[in-house]
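Here's the structure, in structure tokens; my notes come after.
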Amino acid sequence: MGFTTSCFIRKNTEELRKKLEELGYNLLNSGDTTLDAHNYDGKGSHKNIEEGRAIITSYGNLYGVIYNVDAVTKKGRSDCGTNEELFLAIAALRDDSNYMQWFICTEDYIESPDKEWKVGDWDLNTCPDVTYGQQLSHWRKATVEELINHFK
17 MGFTTSCFIR KNTEELRKKL EELGYNLLNS GDTTLDAHNY DGKGSHKNIE EGRAIITSYG
77 NLYGVIYNVD AVTKKGRSDC GTNEELFLAI AALRDDSNYM QWFICTEDYI ESPDKEWKVG
137 DWDLNTCPDV TYGQQLSHWR KATVEELINH FK
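In this text, residue positions in the sequence shown follow the working numbering: the first is 17, and each later residue adds one.
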């Protein structure tokens, strides 16, 4: 159990790598270099993390930095282009937690005197203490397709 959806983004920044780590991902690495096959430079060594052209998630709770984007586009992973919000939304999808995942309201209801929800409203769950079993009956987790359409 854990992260459920492989994706990649066509950029590589320290900030994005930190956000993945905040979600619970770990870098597939050894020192300052990544060990993923896509990172091999063809000359007997692996490239530096900062040299990567993209970031990919697909190894359970691991992420890697890649240099040949064409190699991953053929593997059925969600291509997020350069859209950071979309990348992080898809990368956050998991089956054992609701943390940092987007939900869609399924019925109108009043949460409090100051907050009313309508069918189709979106909300990001930023509370790490809410477990999968505590999902409110008024909400469902957004699908990859819905995330893609929402963050276009």
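From the three backbone atoms N, C-alpha and C, an ideal C-beta is built for every residue, glycine too.
Around the beta carbon of S94, 16 or more other beta carbons sit within 10 angstroms, so the residue counts as buried. Straight-line spacing of the CA atoms in F24 and Y115 works out to 20 Å. In this structure, the alpha-carbon of G76 lies about 30 Å from that of D137. As the crow flies, the alpha-carbon of L78 is around 29 Å from that of W155. For N114, the three-state secondary structure derived from DSSP is coil. The three-state reading of DSSP puts K131 in strand, counting E and B together. For the pair T98 and T20, the Cα-to-Cα distance works out to about 21 Å. Under the three-state reduction of DSSP output, A105 falls in the helix class. With contacts defined by Cβ atoms closer than 7 Å, I72 and N28 do not form a contacting pair.
Within the same chain, D124 come within 6 Å of K134 by CB-CB distance, once the 5 residues on both sides are set aside. Annotated as distal: F167 and L104, with beta-carbon spacing of 7 Å or more. Here DSSP, grouped into helix, strand and coil, assigns R156 to strand. In this structure, DSSP gives N28 a state outside helix and strand, which the three-state scheme calls coil. Secondary structure at N42: strand, using DSSP grouped into helix, strand and coil.
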